[in-house]
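The block underneath contains the structure these notes are about, expressed in structure tokens.
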Amino acid sequence: MHIIVGVLSEMQRQLNGRDLGYFNILKEDYFLAIAKQSIRKLLRAADSTCIQGAPPIDPVYMDTYTAPKPDLSKMVNLVMVYQALNYSMPTILALLSGQTKESILAEGEGLIHRLSDMFVKLSVEQTDLVIARRLDISDTGVHPFTRHIMGHVRMLVQHKSTVCLMLKGDLKGFHELVAQLISSLESMLDRNSKGLHLPGQQQMFLLNNVHFMLQEAKIEKDLGRILGEGWLLQRNDQLDMFIAGYVDASWTPVISCVLRRTLVREILWPLFDKFTSLFETTYRVHKTWKVSNPLIRNKVREAIFHKVIPVY
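Heads up: take any position in the sequence shown, counting from 1, add 446, and you land on our numbering.
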């Protein structure tokens with residue numbers, strides 16, 4: 447849009463600055479013909495790219511499942527094109543006149559309305575696809591899909607003024623859209639985590655991913671305000687619950703062989719050998735598990751320490 451405006455403005459300036467003699471009466475018609483052709487090509491390209499065509503598939507969606515994958519970049523693309531059109535069309539229209547201006551105005555307004563309608567349709571579709579998503583979980587760290595969704599939610603929040611225009615000025619509707627995307631992501635993560643079968647693995651996966659979502663909401667202040675103080679407090683409480691659940695699921699079995707027996711001298715060493723064996727087995731597995739945030743990692747270590755060391 448910036449390039450087209452710049453080129454047409456310079457072309458108009460040069461035409462007006464030259465005396466073409468007899469052809470002076472054709473200056474305006476000549477300029478309007480070229481301007482109309484150029485702007486229509488741009489509008490058609492925007493229409494084709496954002497409404498009819500689909501962007502390339504991001505590798506994060508490529509897995510063994512054949513179900514459609516959510517891709518919030520489509521929504522962001524619509525917002526970007528809408529923003530460019532909405533803010534640049536007045537400048538372009540100021541260069542035009544007569545039927546050419548009316549024609550371009552009608553085409554531009556039609557495209558803007560289609561972008562708005564497509565955005566509303568996509569917001570419903572993408573929310574449903576997020577909640578139905580099946581993940582390929584390779585480790586307990588923050589899943590790439592979580593990063594993708596949160597990154598695009600932040601972009602939508604950063605362009606909330608444009609999104610609200612696309613929603614016909616419905617600020618409450620925008621807040622509901624963001625909250626639904628976050629809620630769908632949380633439900634999807636919880637459902638997929640149930641497929642992790644090692645003791646403590648589910649809690650560790652949710653700990654990392656929910657903490658990442660919480661941090662994103664704190665970094666993007668408007669996102670935090672939309673989700674509300676109650677949401678932030680509940681997620682902080684959830685982190686403590688995940689840590690406690692992880693320690694209980696993973697390390698209680700290690701110390702249970704000692705706690706459920708009377709420690710008399712005759713059986714102390716056999717129990718200690720069993721405790722050591724269970725401890726080493728659990729340690730070898732869990733030392734490969736990711737805890738992305740150093741503060742959370744230290745909290746997990748402290749919780750394990752207070753669970754195991756007193757028994758040891």
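Beta carbons are placed, not taken as given, at the ideal position from N, Cα and C, and that holds for glycine.
- Relative to the Cα of Ala578, the nearest Cα in the group Ala552, Lys606, Phe718, Glu632 belongs to Glu632.
- When only Cα atoms are considered, Glu622 and Val704 end up about 52 Å apart.
- Taking the C-beta atoms as reference points, Thr608 is found no nearer than 8 Å to Val522.
- Annotation: Arg490 to Asn462 spans about 29 Å, alpha carbon to alpha carbon.
- Spatial neighbours of Gln647 in its own chain (CB-CB distance under 7 Å, excluding positions within 5 residues in sequence) are listed in chain order as Thr586.
- C-alpha of Pro756 to C-alpha of Ile583: approximately 34 Å in a straight line.
- Cβ contact annotation for Phe477 (same chain, cutoff 7 Å, sequence separation greater than five): Met457, Gln458, Leu461, in chain order.
- For Val693 against Ile750, the beta-carbon gap comes to about 6 Å, under 8 Å, which counts as contact.
- Contact annotation: the stretch 586-596 touches the stretch 643-659, with at least three C-beta pairs closer than 8 Å.
- Straight-line spacing of the CA atoms in His657 and Arg681 works out to 8 Å.
- Here the stretch 602-621 lies against the stretch 548-566, with 3 or more beta-carbon pairs under 8 Å apart.
- Scanning the stretch 509-583 for uninterrupted alpha helix (DSSP H) segments of 4 residues or longer gives 519-541, 544-578, listed from N- to C-terminal end.
- Beyond the five residues adjoining it in sequence on each side, Val576 comes within less than 7 Å, by CB distance, of Pro516, Ile595, Leu627, Ser630, Leu631, Met634 in the same chain, given in chain order.
- The straight-line gap separating the alpha-carbon atoms of Val731 and Ser534 is approximately 57 Å.
- With respect to Ser549, Lys482 sits close: the two C-beta atoms are nearer than 8 Å.
- Take Val451, set aside five residues on each side of it, and the residues of its chain with a beta-carbon closer than 7 Å to its own are Ser534, Thr537, Ile538, in chain order.
- Of the other Cβ atoms in all chains shown, 16 or more fall within 10 Å of the Cβ of His598; this residue is therefore buried.
- Comparing alpha carbon positions, the residue from Asn470, Leu488, Ala625, Ser696 closest to Tyr528 is Leu488.
- By the CB criterion at 8 Å, Asn638 and Leu685 fall outside the cutoff.
- DSSP places Phe591 in the uninterrupted alpha helix (DSSP H) bounded by 590-604.
- Annotation for Gly463: no alpha helix (DSSP H) segment contains it, and DSSP assigns it neither H nor E.
- The three-state secondary structure of Asp686, taken from DSSP, is helix.
- Of the candidates Leu673, Asp683, Lys520, Asn470, the residue whose Cα lies closest to the Cα of Gln572 is Lys520.
- Judged by DSSP in its simplified three-state form, Met447 adopts coil rather than helix or strand.
- Ranked by Cα distance from Ala492, the options Leu454, Asp475, Met564 are led by Met564.
- By the Cβ-count criterion, Met659 is buried, with 16 or more other Cβ atoms from all chains shown falling within 10 Å of its own Cβ.
- The stretch 602-654 is shown to contain whole alpha helix (DSSP H) runs of 4 or more residues at 606-612, 617-639, in chain order.
- A distance below 7 Å between beta-carbons, with the five flanking residues on each side excluded, links Phe620 to the following residues of its chain, in chain order: Lys606, Val609, Cys610, Leu613.
- Within the model, the alpha-carbon separation for Ser696 versus Ser702 is close to 11 Å.
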